[in-house]
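For the sequence shown, the working numbering gives the first residue as 415, with consecutive numbering after it.
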Amino acid sequence: MVEDKNSEVARKLELLKQRFKEKATADLVQLQAALKRVRSDTAFASGDIAAIYQSLHRLAGSAGTFGYGALGEEARRLELAIKPLAEACSGRSAAGIDRAEFDSMVGDSFGAGVMRLVEFLDQESNEAGPADLSLTPGIARRREEPLVLIADPDRSRAEELARDLGLHGFRTVVEASIETAVISRAEALSAIVARDWLMFGEGVRLQALDSDSAVICIGSEDSFSERYGLAERGVDGFLCEPVDVPLLADYIERLITEREEGGAGRVMIVDDDPELLEHYGLVLEGGGLDVRRVNDPATILGVLSEFRPDIVLMDMQMGRFSGINLARMLRFDPEWLGLPIIFLSSEEDREFQVEALSKGGDDFLTKPVSDAFLLRAVSVRCYRARQLDKLASRDSLTGLLKHSLAKAEIQKEHARCLRLKQNAVVAMLDLDHFKQVNDRYGHRAGDLVIKGLASLLRHRLRKSDIIGRYGGEEFVVALPDCPIENARAVLQSICDQVSQIAFNGAGQEFTVTLSVGLAPLDQYATSGDAIEAADQALYRRKQNGRNGVAASTDPSEKSGGRG
Ligand SMILES: Nc1nc2c(ncn2[C@@H]2O[C@H](COP(=O)(O)OP(=O)(O)OP(=O)(O)O)[C@@H](O)[C@H]2O)c(=O)[nH]1
């Protein structure tokens, strides 16, 4: 599947490369014609100089991307040579500049340079061209249910751990050795939990580390040298015996999320060159990013509001539009004050770059930029932008939506389900007697319970469901396109699962239970009313024995009955 997608991307990139060659050939014909006019006239139109400069600027910025690095470098040299004259011409508008001035500024080597451009374009490029996506990280994996390999020579111990992790919503596979499992399942594994890591051969360990899964080792000794040794070998996490399963589940969850988010993100690319725009788009999409292409800078505001990118990648000069001015314009709106804008520019002048950054940009990528570098640079920046966004919108303990954002999302879902005449359910969830958990087993153990429930909800519910931390030990969930009886069944099974998890605190094992109140979101005038109704159902459940689900639609005499 990934192979197919990569070869499809490679094929499209190859087509773009051919299109670039055709356009560059036409550009060079025009450039030569303009140069000829300039040479044959004693006085010439400043428009010809501007056209020559523009052609060279375009080639310098794009040729390397399509695998014509030598052409790009030569175009860049010529562009810099003619730049002062182009600037002088634009200052003098219609006034002609004479031939002697042209020769003194640009020099005889200019014509020879243009001939070299033609030769470079004719040579079949053997540089690592756009079709080379082998350096790019794998297509971002979409999480279904995370699959965790437990590699342990002691099979019954491994199976017990598998059962416990299953309660936290992980699918597991047990192997006495990581060897066969890594080889056969490397693509699908989200994490590897290995006991006695060093027991496995060097080759197998390397393969496991290479497989893009998070590798967590369980060791019998917790010392600096043990930890450092594992870090040195590229392991991602370490826990010491005896294994605290909720802690391990939380660890796996965190590592998997970090990995997933490393390859995720929304990027808006703004470039008036259609081939470059398409090329960048394909490369970034090939790396798993969600991309929106904007060819006409005048449409940028509408696309921004609708697409809400994590970052914007923008050309510096697009016909009559300057990237700097567009960036400044975006900042007029407080909503986009924090949106990272990365300029793609062949401009190497540091002073100019600093000036551009002071006017609304955040960073520069200097053209030409290789596919692998572009993907890595954009992915990293996306990741950071998302992390910052998360700090603002996500609860730090659980990574779930914060109260106000969850409410806002449920409000949107309410409008959506009324519009589409669909079912939807809102649920309030509250851990039972949680004060006692803190009092008996400590606040840290209480935190792990809250985190454990959060990851269980993430695993058990659909990607389209909205999950928020409403208050301390209270959560809110909205399930779009879901009849209330289905919601009841899912949440009842989550309650059952929660009650089976063994947590640890103050040297003891303990379990917790969960109460849930449901209300049909589409049956209320406002989302606030539906949340209130779910809360009342939750209250009734608490009154009637906790540990289970009640719905606002239940006849009141039955509201205490489980599921
Ligand atoms: N560990 C931990 N505890 C929290 C957090 N937020 C809230 N709590 C605790 O959760 C407890 C909630 O207690 P109550 O509202 O009295 O409810 P309860 O004990 O769960 O009782 P019922 O809801 O009636 O079953 C309080 O002790 C809070 O201090 C948190 O982030 N971490």
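Note that beta-carbon positions come from the ideal geometry of N, C-alpha and C, so glycine has one too. In this text the structure is predicted, and so the values were computed from the model without any measurement.
Cβ neighbours of residue i in the same chain (closer than 6 Å, five flanking residues each side left out)
| i | result |
| --- | --- |
| Glu640 | Gly633 |
| Arg707 | Ile683, Leu691, Gly695 |
| Asp685 | Leu691, Asp729 |
| Leu473 | Ala489 |
| Leu581 | Gln911, Gln914, Ile915 |
| Asp809 | Lys816, Arg883 |
| Tyr467 | Ile496, Ala500 |
| Glu573 | Val588 |
| Leu644 | Cys631, Phe652 |
CA-to-CA distance, residue j to residue i, given in whole angstroms
| i | j | result |
| --- | --- | --- |
| Leu779 | Asp650 | 30 Å |
| Met682 | Asp704 | 9 Å |
| Val618 | Ala565 | 12 Å |
| Ile553 | Glu422 | Bear in mind that the predicted position of Ile553 carries a pLDDT of just 32, short of 50, making it unreliable; the figure below should be weighed with that in mind. The alpha-carbon atoms of Ile553 and Glu422 are separated by roughly 13 Å. |
| Arg555 | Glu655 | For Arg555, the predicted model reports a pLDDT of 38, less than 50, meaning its position is unreliable; a value from the coordinates is still stated below. Cα to Cα, Arg555 sits roughly 31 Å from Glu655. |
| Ala622 | Val629 | 8 Å |
| Thr927 | Arg569 | 30 Å |
| Lys435 | Gln537 | 11 Å |
| Leu662 | Arg872 | 16 Å |
| Trp611 | Cys631 | 6 Å |
| Arg795 | Leu802 | 11 Å |
| Gly579 | Val659 | According to the sequence displayed, residue 579 carries Leu and not Gly. Taking the straight line from one Cα to the other gives about 7 Å. |
| Gly702 | Asp636 | 38 Å |
| Leu874 | Val930 | Per the sequence shown, residue 874 should be read as Arg rather than Leu. Each residue's Cα considered, the two are about 15 Å apart. |
| Ala678 | Lys437 | 33 Å |
| Arg609 | Ser625 | 18 Å |
| Phe917 | Glu827 | 34 Å |
| Arg571 | Val657 | 11 Å |
| Val452 | Gly733 | 23 Å |
| Ala381 | Ile908 | As shown, the chain starts at 415 and ends at 977. That puts residue 381 outside it, with no answer to give. |
| Gln432 | Pro754 | 33 Å |
| Arg1025 | Leu575 | A question about residue 1025 goes unanswered here, because the residues of the chain that appear run from 415 up to 977. |
CB-CB length for residue i against residue j, believed under 8 Å
| i | j | result |
| --- | --- | --- |
| Thr812 | Ala868 | 4 Å |
| Val726 | Thr479 | In fact, because the Cβ distance is near 19 Å, the residues do not count as touching under 8 Å. |
| Ala741 | Gly716 | At roughly 17 Å, the Cβ-Cβ gap does not stay under 8 Å, so Ala741 and Gly716 are not in contact. |
| Asp724 | Arg800 | 5 Å |
| Cys896 | Ala964 | With a Cβ gap of about 17 Å, Cys896 and Ala964 do not count as contacting. |
| Leu494 | Phe524 | The Cβ separation is near 11 Å, so there is no contact. |
Residues of its chain near residue i, where Cβ-Cβ distance is below 7 Å and the 5 sequence neighbours each way are ignored
| i | result |
| --- | --- |
| Leu561 | Arg585, Val587, Ala602, Leu603, Ser604 |
| Thr967 | Ile898, Pro934 |
| Asp861 | Leu811 |
| Ile714 | Val684, Val708, Leu740 |
| Gly921 | none |
| Pro948 | The question names Pro, but residue 948 is Ala in the sequence shown. Only Val840, Ala841, Met842, Gly931, Leu932, Ala933, Ser966 meet the Cβ criterion. |
Helix, strand or coil at residue i [DSSP, three-state]
| i | result |
| --- | --- |
| Ile915 | coil |
| Ala964 | strand |
| Val707 | One point to set straight first is that residue 707 is Arg, not Val, in the sequence displayed. In this structure, Arg707 counts as strand in the three-state DSSP scheme. |
| Leu875 | coil |
| Ser634 | coil |
| Met682 | strand |
| Asp844 | strand |
| Cys654 | strand |
| Thr940 | coil |
| Gly882 | strand |
| Arg490 | helix |
| Pro688 | helix |
| Gly737 | helix |
| Leu779 | strand |
| Arg722 | coil |
| Arg858 | helix |
| Leu811 | coil |
| Gly931 | strand |
| Met730 | coil |
| Arg647 | coil |
Residues near residue i in its chain [Cβ-Cβ closer than 8 Å; skip 5 each side]
| i | result |
| --- | --- |
| Ser985 | The question about residue 985 has no answer here: the residues shown for the chain are numbered 415 through 977. |
| Ile945 | Lys821, Ile824, Val840, Met842, Val890, Ala933 |
| Ser807 | Leu815, Lys816, Leu819 |
| Asp398 | No statement about residue 398 is possible, as the shown extent of the chain runs from 415 to 977 and does not include it. |
| Val528 | Leu442, Leu445, Gln446, Leu449, Leu492 |
| Asp664 | Leu862, Lys865, Gly866, Ser869 |
Residue-chain proximity (residue i, chain D), Cβ-Cβ < 7 Å
| i | result |
| --- | --- |
| Asp664 | Here there is only one protein chain, and chain D is not present. |
Contact test: residue i Cβ vs ligand 3 heavy atom, cutoff 6 Å
| i | result |
| --- | --- |
| Asp650 | The model depicted lacks ligand 3 and carries ligand 1 instead. |
Worksheet item: Can we say the region 693–708 touches the region 784–791, given the rule of at least three CB pairs closer than 8 Å?
Response: yes
Worksheet item: Looking at C-beta atoms only, is the number of pairs between the region 887–906 and the region 820–834 that lie closer than 8 Å three or more?
Response: yes
Discussion item. Using 8 Å as the cut-off, can you tell me whether the region 761–770 makes contact with the region 745–752, which would need three or more C-beta pairs spanning the two stretches below that distance?
Written reply: no
Worksheet item: Would you say the region 846–865 touches the region 896–905, given that touching needs at least three Cβ pairs under 8 Å?
Response: no
Worksheet item: How do the region 872–881 and the region 932–942 stand: do at least 3 beta-carbon pairs fall below 8 Å, yes or no?
Response: When Cβ pairs closer than 8 Å are counted between the two stretches, the region 872–881 is seen not to touch the region 932–942, the count staying below three.
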